[in-house]
Amino acid sequence: MAVPHHLRPEDRADFEETLRLALVRTGQRALKDQALADADVISAAAGAEYATYVAVRQDASRRPAAQSTALAALAVLTPIISATSAVFLLLAGYILQLADAADPLPASLITAGWFLGVIAVLS
47 MAVPHHLRPE DRADFEETLR LALVRTGQRA LKDQALADAD VISAAAGAEY ATYVAVRQDA
107 SRRPAAQSTA LAALAVLTPI ISATSAVFLL LAGYILQLAD AADPLPASLI TAGWFLGVIA
167 VLS
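Here the working numbering = 1-based position in the sequence shown + 46.
The following block contains the structure:
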């Protein structure tokens, strides 16, 4: 495997942020400036580790994020949709019950509304 002897442009910001965190004192400004100037030499010295870092980053960027995105969307939308549906079903069921609808519809709407309300609370 070829060892990179320079920092990639997308890694320069991470390198600078790491330096900023490591050299937080103002008295170490000269050391920070020297490290920024010698970033290519530093990355060449840590070539194997940097190559592993680049490979992991490329592998992570190739993976589809659809599963994690779908799960996050489900986690956010489930309580919102179930709570909204519960309110409308309960409202419709109780209104039909007050109107003396003889059908089993009002009881079914109320049952479904309470079920969705429980789902909204639990999610």
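Ideal Cβ placement from N, Cα and C applies to all residues, glycine included.
In this text, all values refer to a predicted model and were calculated from it rather than measured experimentally.
Straight through space, the alpha carbons of Ser128 and Ile165 are spaced by roughly 7 Å.
Collapsing the DSSP output to three states places Asp57 in a helix. Counting only runs of at least 4 residues, the region 63 to 105 fully encloses the following alpha helix (DSSP H) elements, listed from N- to C-terminal order: 75 to 83, 85 to 91. Distance from the CA atom of Val167 to the CA atom of Pro125, rounded to whole angstroms, is 7 Å.
Scanning its chain for C-beta atoms nearer than 8 Å, with the 5 sequence neighbours on each side dropped, one finds around Gln143 the residues Pro152, Ala153, Ile156, in chain order.
Shown here, Pro125 sits in a helix according to DSSP, grouped into three states.
Across the structure, Leu77 and Val87 are spaced so that their CA atoms are roughly 14 Å apart.
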